[in-house]
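Colleague:
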Amino acid sequence: MFLLPDRVERLSPDRLELQYEDVWLHAADGTRVHAWHLKAEGPREGTILFFHGNAQNNSAHIASVHWLPAQGFDVFMLDPRGYGQSDGEPHIRGVHLDAQAALDHVADAACGEIIVYGQSLGGAIGIHTVARSPHAHCVRAVVSEGAFASYRGIAREKLGMIWLTWPLQVPLSYLFSDRYSPARVVDQISPVPLLIVHGTDDHIVPAHHAERLYRAAEDPRDLWLLPDVGHIGSSLHEENRARLVGWLVAALNGDRSLAAEKPAPADAAN
């Protein structure tokens, strides 16, 4: 249900005319995983460590971040085990080991200027990784878009949508562990600024997951509920891109007023 990788190449940095390098890492259990390191155009603002969602691979999800190098950001895109060119078979514990290896690698070169940005499953992974990492002090901000609050909770919701499993949604949901669920550890992100982004038209992960994460987190934290935006679709709108870049630059500059932007009603969010 959670991990649906493939090895099909759709887009590439070459086709998008981006400067990049291929990077190979080894997770703590020895699994070799692949990443793309997209290079910033012009003066560098910081480095974004990007964790994508549960399906496909980097060649699909580069569509969400290809615009960031032009804004002055390096983007380090991890494909966890089983995804794209990475070795191994995917499982939840393993993809978290891969994420930690990626943060370890980026921290060696860019400690103090790292933004961890995850979408959907990647948002859940990003929160858990920073909360548990010995390199959390190297991270300047965390952005989670379209993430679920609980593995068990989202499994229960999905099981409830299928008539065959609807009567058993509660007992079957206990087959899914909440060990790595972001809601359990999101309060440990503080004092690193946290931005939670969610589209109000998200029919894959409903926006109440974002609200739960926000309530469980500590300041500094922001919640953006974006009207007319579906699942991980914020970057499709130019105004959302500009708003995100402004937030990232403020976080990198240590702007402590970030937490002053309180959640707005969905019909008033930008």
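All residue numbers for the sequence shown refer to our numbering, where the first residue is 2 and numbers rise by one.
C-beta: ideal position from N, C-alpha, C; glycine also.
Could you check the C-alpha separation between Ala-142 and Asn-59 for me, to the nearest Å?
Modeller: Position 141 of the sequence shown holds residue 142. Position 58 of the sequence shown holds residue 59. Rounded to the nearest angstrom, the two C-alpha atoms are 22 Å apart.
Colleague: Measuring only the C-alpha atoms, how far is Leu-249 from Ile-116?
Modeller: Taking the sequence shown and counting its residues from 1, one reaches residue 249 at position 248. Taking the sequence shown and counting its residues from 1, one reaches residue 116 at position 115. Between Leu-249 and Ile-116, the C-alpha separation is close to 8 Å.
Colleague: Let me make sure I understand the geometry here. Which of Val-186, Pro-228, Val-230 and Asp-80 has the alpha-carbon closest to that of Leu-214?
Modeller: For this step, residue 214 is matched to residue 213 along the sequence shown. The shortest Cα separation from Leu-214 among Val-186, Pro-228, Val-230 and Asp-80 belongs to Val-186.
Colleague: If you run the structure through DSSP and keep just helix, strand and coil, what is Ser-151?
Modeller: The residue you call residue 151 lines up with position 150 of the sequence shown. Coil, per DSSP.
Colleague: Quick one: grab the DSSP three-state call for Ser-236.
Modeller: To locate residue 236, count along the sequence shown from 1; it is residue 235. Here Ser-236 carries a helix assignment [DSSP, helix/strand/coil].
Colleague: Could you tell me the distance, in whole angstroms, from the CA atom of Glu-42 to the CA atom of Asp-75?
Modeller: Counting from one through the sequence shown, the residue named residue 42 turns up at place 41. Counting from one through the sequence shown, the residue named residue 75 turns up at place 74. Approximately 8 Å, taken between the alpha carbons.
Colleague: For Gln-72 versus Arg-242, is the C-beta distance shorter than 9 Å?
Modeller: The count along the sequence shown starts at 1 and reaches residue 72 at position 71. The count along the sequence shown starts at 1 and reaches residue 242 at position 241. Yes. Within cutoff.
Colleague: Taking Cβ positions, are His-53 and Leu-104 nearer each other than 9 Å?
Modeller: Here the question's residue 53 lines up with position 52 in the sequence shown. Here the question's residue 104 lines up with position 103 in the sequence shown. Taking a C-beta distance under 9 Å as the contact criterion, His-53 and Leu-104 do not qualify as a contact pair.
Colleague: Going by beta carbon distance, what residues of the same chain come within less than 7 Å of Glu-114, once the five residues before and after it are set aside?
Modeller: For the purposes of this step, residue 114 is taken as the residue at position 113 of the sequence shown. Excluding sequence neighbours, Glu-114 sits near Gly-47, Thr-48, Arg-141 and Leu-253.
Colleague: Per DSSP, which one or two residues make a beta bridge with Glu-146?
Modeller: Here residue 146 corresponds to residue number 145 of the sequence shown, with the count starting at 1. Paired residues: Gln-120 and Val-198.
Colleague: How about Val-198 and Glu-146: do their beta carbons lie closer than 9 Å?
Modeller: In the sequence shown, residue 198 corresponds to position 197, counting from 1. In the sequence shown, residue 146 corresponds to position 145, counting from 1. Yes.
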